[in-house]
Amino acid sequence: MLLEYIAIGVMIALATVIAVIAIGLGELFGPKKRSSVKSEPYESGIAPIGPGTRRMPVRFYLIAVLFILFDIEVIFFLPWAVVFRQLGLFGLAEMAIFIVILLIGYIYAWKKGALEWE
Amino acid sequence: MDLALWIEFIIKGFILIFAVLTGFAYLTLYERRALARIQTRIGPNRAGPQGFFQPVADAVKLIFKEELTPAKADKVLFVLAPIMTVVPAMILAAVIPLGTQFTLPFLNRPVTLYVSDINVGVLYLTAIASIAVYGIVLAGWSSNNKYAMLGGLRSSAQMISYELSLGLCFVIAILLGNSMSLLDIVEAQKSVWFVVIQPVGALIFMVTTLAEVNRAPFDMPEAEQELAAGYHSEYSGMKFALFFMAEYEKMIVISMIAATLFFGGFREFWFLQGTVFSVDHFWWLGPIYLLLKVVVLLFLMIWVRATWPRIRYDRLMAFGWKVLLPLSLALVFITALGILLANQFGAIYIWTIPVLSILAGLIAVLLVNMSLRRKVAHA
């Protein structure tokens, strides 16, 4: 069992090495003529106005929080799906109750306007 | 744990990574040629016969390009971001079976045609696929550029929103295959592909994967008119190439996953079963069948890009959260119900799944249509 994961580990190492080599090639062969204008952030040809990283709309946080809620739900589905044939009707009923509880939260979020994007 | 095993791991890993890398190079050519054909152009055909060396020329050009780093950029994260995007794309293919196994001549050593067959293969796919979000967010944030940051934010919000439906589609495949190991899922599709049993699920899978790899019509992070080039605005040279590589490699790997979960994987087409063209007969047919399916699925992705305009961002999020999520939840429930019925009353009842899911899909289309009509009436 552990061997299977070692195989994946070997592959991760290989992939990282290849990515680092690719970046290294660019560093090695690319010309380097730096100037202060060149290293300014890109802003469609004009001098950049204000800082580059600034406050972000709160909607993105909301989406992230909702994602965590529902993604955990999906993760709960995975083990249930594997043993579903052994669980039978009991498993279906359990999951139906689980889905209903989550749907209440989902409908609440929808009605509160958390899913709107205006 | 002997030396031969290490060598086997390294060779298999290398072959898989190089297959994906070569696939990436020629996918760019394939896409450009196919897009050109759809738009009644010819496309790149100068470098070598039929433009065969175009990817090589592109790579050489990118290596010799100057790389710029914006002045106030976070230097470490700026370099780390492309690596973090491309590594998951390359290792995602590790659990996908390309075939069964064969015996190495002379050494008499059985070699499996997959890097590893872990019993939580599908979980591995979901886990690794979501790591790519980090790379894109970090790229956007570390660039110190407004467009890049907005692009990174948009991209992350979009990817995590569609990941929910994607995860539920994985659940459907697990339910039907009764295992998380991709090899078992492929074997379960020996007689009938899961796309036949769960057509709507396969369709949702393909839609969500388009959003997941930021492809048209869901390429909001790279909407030129609004965000310049989105999260990779500030990247040039090989660092840009790595983002490009990640996107196309993910396209390939996700087509492989779609083929494995819903289109029978490396298994032969149903009408070839028991003939000489079966995978049981010749092991080397497995990768060929998988490649055929991947090429067809990739063409669908290119075709979609050539045909459909970009979706507006608010509609994109609404589509993910309000349509795909409830619909895929319903599909999971329908699939479970159908399996239960088939277990209780006989295998014929498995066909309640496609009937009910197509019905659910139609209801969803009807509801979307009605709500759009209401919006038009209001405006």
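Residue numbers (the working numbering), protein chains in the order written: chain A, 1 to 118; chain B, 1001 to 1379.
For glycine and all other residues, C-beta sits at the position ideal for the given N, C-alpha and C.
Within chain A, the residues that residue i reaches when beta carbons sit closer than 7 Å
| i | result |
| --- | --- |
| Val1086(B) | Ala19 |
| Ile1174(B) | Leu78, Ala81, Val82 |
| Ala1157(B) | Phe60, Ile63 |
| Leu1329(B) | Ile99 |
Minimum Cβ-Cβ distance from residue i to chain A less than 8 Å
| i | result |
| --- | --- |
| Thr1100(B) | no |
| Asn1145(B) | yes |
| Phe1064(B) | yes |
| Asn1214(B) | no |
| Gly1167(B) | yes |
| Gly1338(B) | no |
| Val1056(B) | no |
| Met1180(B) | yes |
| Met1220(B) | no |
| Phe1205(B) | no |
| Leu1164(B) | yes |
| Val1133(B) | no |
| Ala1139(B) | no |
| Ala1094(B) | yes |
| Met1317(B) | yes |
| Ile1010(B) | yes |
| Ala1228(B) | yes |
| Val1171(B) | yes |
| Phe949(B) | A question about residue 949(B) goes unanswered here, because the residues of chain B that appear run from 1001 up to 1379. |
| Ile1007(B) | no |
| Leu1123(B) | yes |
| Ile1136(B) | no |
| Ile1363(B) | no |
| Ile1118(B) | yes |
| Ile1017(B) | yes |
Residue from the options with nearest C-alpha to residue i
| i | options | result |
| --- | --- | --- |
| Gly1013(B) | Ile1288(B), Lys1146(B), Ile1091(B) | Ile1091(B) |
| Met1256(B) | Ala1089(B), Ser1161(B), Gly1338(B), Asp1058(B) | Ala1089(B) |
| Ser121(A) | Ser1357(B), Ser1233(B), Ile1350(B), Ala1246(B) | Because chain A is modelled from 1 through 118, residue 121(A) falls outside the range shown and cannot be assessed. |
| Val1304(B) | Pro1354(B), Asp1219(B), Ala1258(B) | Asp1219(B) |
| Met1159(B) | Trp1193(B), Thr1208(B), Ile1174(B) | Thr1208(B) |
| Gly91(A) | Pro1354(B), Leu1337(B), Trp1351(B) | Leu1337(B) |
| Phe1078(B) | Thr1103(B), Phe1102(B), Leu1341(B), Gly1140(B) | Gly1140(B) |
| Leu1261(B) | Val1137(B), Thr1100(B), Ala1360(B), Trp1193(B) | Trp1193(B) |
| Leu28(A) | Glu1249(B), Pro1105(B), Ile1358(B), Phe1064(B) | Phe1064(B) |
| Leu1290(B) | Val1115(B), Glu1067(B), Val1186(B), Phe1053(B) | Val1186(B) |
| Leu1359(B) | Arg1374(B), Ala1330(B), Asn1343(B) | Ala1330(B) |
| Leu1366(B) | Leu1210(B), Leu1327(B), Val1137(B), Pro1110(B) | Leu1327(B) |
| Tyr42(A) | Val1060(B), Ala1073(B), Ala1036(B), Gly1048(B) | Ala1073(B) |
| Glu40(A) | Tyr1030(B), Gly1023(B), Lys1146(B) | Lys1146(B) |
| Phe1269(B) | Tyr1248(B), Leu1292(B), Gln1198(B) | Leu1292(B) |
Contacts that residue i makes with chain A (C-beta to C-beta distance below 8 Å)
| i | result |
| --- | --- |
| Gly1286(B) | By Cβ distance, chain A contributes nothing, its closest Cβ being about 19 Å from Gly1286(B), past 8 Å. |
| Ile1091(B) | Ile8, Met11, Ile12, Ala15 |
| Ser1161(B) | Ile63, Phe67 |
| Glu1234(B) | Pro41, Tyr42 |
| Met1408(B) | Residue 1408(B) cannot be examined here, being either before or after the span of chain B that is shown, 1001 to 1379. |
Beta bridge counterpart(s) of residue i as assigned by DSSP
| i | result |
| --- | --- |
| Gln1101(B) | Thr1112(B) |
Partner residues on chain B for residue i, Cβ-Cβ distance less than 7 Å
| i | result |
| --- | --- |
| Ser39(A) | Leu1068, Thr1069, Pro1070, Ala1071 |
| Arg55(A) | Result: empty, since nearest Cβ-Cβ is about 10 Å, beyond 7 Å. |
Under 8 Å by beta carbon: chain B residues contacting residue i
| i | result |
| --- | --- |
| Ile23(A) | Val1079, Pro1082, Ile1083, Met1238, Lys1239, Leu1242 |
| Gly45(A) | Here the premise fails: no neighbours, minimum Cβ distance about 10 Å. |
8 Å Cβ cutoff, residue i in contact with chain B
| i | result |
| --- | --- |
| Ala81(A) | yes |
| Ile63(A) | yes |
| Glu94(A) | no |
| Ile99(A) | yes |
| Tyr5(A) | yes |
| Gly105(A) | no |
| Gly113(A) | no |
| Val58(A) | no |
Neighbour list for residue i in chain A, Cβ cutoff strictly below 9 Å
| i | result |
| --- | --- |
| Ala1202(B) | Simply none; closest approach about 16 Å. |
| Val1115(B) | Glu4, Ala7, Ile8, Val10, Met11 |
| Tyr1313(B) | Trp117 |
| Lys1322(B) | Trp110, Leu115 |
| Met1149(B) | Gly52, Thr53, Arg54, Met56 |
| Leu1261(B) | Going along chain A, no residue has its Cβ under 9 Å from Leu1261(B), so there is no contact; the nearest lies around 13 Å. |
| Leu1153(B) | Met56, Pro57, Phe60 |
Chain-ordered chain B contacts of residue i [CB-CB under 9 Å]
| i | result |
| --- | --- |
| Gly88(A) | Leu1340, Asn1343, Gln1344 |
CB contact check: residue i to chain C, cutoff 8 Å
| i | result |
| --- | --- |
| Ile1334(B) | The chain inventory of the structure shown lacks chain C, comprising the protein chains A and B. |
Practice problem: With a floor of 4 residues, list each alpha helix (DSSP H) that falls wholly inside the region 1263-1312 of chain B, ordered by position along the chain. | Solution: 1285-1307
Self-check item: Length-filtered (4 minimum) alpha helix (DSSP H) runs lying within the region 39-110 of chain A
Solution: 59-82, 84-87
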